[in-house]
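Presented below is the structure to which this report refers.
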Amino acid sequence: MDLSRYHKHGECIVMHRSMALVAGLAAALLTPSAPAAAADPAVCHVGYVTNGDSWSFNGQITITNTSGLTLYGWTLRFALPAGQTLRSGWEATFTVTGQEVTAKSLAYNSDVLSGKSVSVGFHASGDVKGPYPAEFRINDNLCTTGPA
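Residue numbering for the sequence shown follows my numbering, starting at 978 and increasing by one per position.
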């Protein structure tokens, strides 16, 4: 805004600046905000099933690549609920820290085409009727979950 023509009338400058401020504030408040960005679609789906008794159980985890791209190498992370302890695993290299379980792909199952799946399994102590892990992540991406 050119204020050079208002040099003699200081109060007009203030008035015009105030009006500009009010107009800008009104425009900001009345302009509809952009819609919230949609959540990133999951790049993976994990199916989780168990079989056992009140002392121990086997778990099968089926990882499906839903990303639209080939997955070259994967790391699965999840936490077993309290009272369940991983004893052994297969079809991946398993490590455990407390309740946190990490399973890393092996050379022969590391590449997963889009729409394809790979399965891993484990043996754990604890009650099979205990709760399922709260979430599963592949390469730090949260997966959708459901039956295997």
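In this text, a Cβ means the ideal position worked out from N, Cα and C, and glycines have one as well. Keep in mind it's a predicted model, so treat the numbers as computed, not measured.
Under the three-state reduction of DSSP, Asn-1086 is assigned to helix.
Shown here, Ala-1069 sits in coil according to DSSP, grouped into three states, outside any helix or strand. Short of 6 Å from the beta carbon of Trp-1067, and not among the five residues preceding or following it, lie these beta carbons of its own chain, in chain order: Gly-1098. Per DSSP, Leu-1057 has no beta-bridge partner at all.
Around the CB of Val-1026, fewer than 16 other CB atoms lie within 10 Å, so the residue is classed as exposed. Between Asn-1042 and Val-1089, the C-beta spacing is below 8 Å. Note: Gly-1123 is bridge-paired with Gly-1024 in the DSSP secondary-structure output.
In this structure, the CA atom of Pro-1110 is about 14 Å from the CA atom of Asn-1035. Taking C-beta atoms under 8 Å as the contact rule, Ala-1019 and Gln-1061 fail to qualify, at a distance of about 25 Å. Comparing C-alpha distances from Leu-1083 to each of Leu-1057, Leu-1046, Thr-1052 shows the shortest one belongs to Thr-1052. Judged by their CB atoms, Ile-1040 and Ile-1115 are nearer to each other than the 8 Å cut-off. With contacts defined as CB atoms closer than 8 Å, Leu-1057 and Val-1078 qualify as a contacting pair. In the DSSP assignment, the residues bridged to Thr-1074 are Glu-1077.
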